[in-house]
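The numbering used here applies: residue 44 is where the sequence shown begins, and numbers increase by one. This report concerns only the one structure given below.
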Amino acid sequence: MRMETLLYFLRYFEPHCEEREGVRRCYLSALDYPEAEDAAQALEEHGMAVTSLERRFVRLDVVDGDRRWVSCAATASDALPIWEARCSST
44 MRMETLLYFL RYFEPHCEER EGVRRCYLSA LDYPEAEDAA QALEEHGMAV
94 TSLERRFVRL DVVDGDRRWV SCAATASDAL PIWEARCSST
């Protein structure tokens, strides 16, 4: 994996949230927060109340000409771990 991709990953997966289909989903790097408790605490420090937390894997892909993080299998050679949380505002 290229260092540029890893640095982009770490910046992109600083705690942030998106609203989709009426559900607030928050993401952060499992490299920075390897334990679920630490991930939940980091999200709470950013004002999110975690209702569920799941470890997933993503890889950088080009979709319609844009670089995007897409879900992938944990066994993919370029897979990186993230936490996906469903949250509500505190």
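The C-beta atom is built at its ideal place from N, Cα and C for all residues, glycine as well.
Q. Is it true that the CB of A128 sits closer than 8 Å to the CB of A122?
A. No, Cβ-Cβ distance for A122 and A128 is not below 8 Å.
In the DSSP assignment, the alpha helix (DSSP H) including L80 goes from what residue to what residue? The sequence shown places Glu at residue 80, rather than the Leu named in the question. Its alpha helix (DSSP H) spans residues A79 to E88.
Do the CB positions of W112 and Y76 come within less than 8 Å of each other?
no
Q: Might you give, ordered along the chain, the residues of its own chain that have their beta carbon closer than 6 Å to the beta carbon of V106, omitting 5 neighbours on each side?
A: Taken in chain order, the list of residues that qualify is empty.
I'd like the list of long-range same chain contacts for A83, defined as Cβ closer than 8 Å, with 5 residues on each side in sequence excluded. V93, L96 and A128
ask   = Since R68 contacts E78 with CB under 8 Å, what's their CB separation in whole angstroms?
value = R68 to E78, Cβ: 20 Å. No contact.
Beta-carbon spacing of P58, L103 below 8 Å:
no
* To do: Just tell me which of Y70, S131, M46 and T48 has its CA closest to the CA of G90.
  => S131
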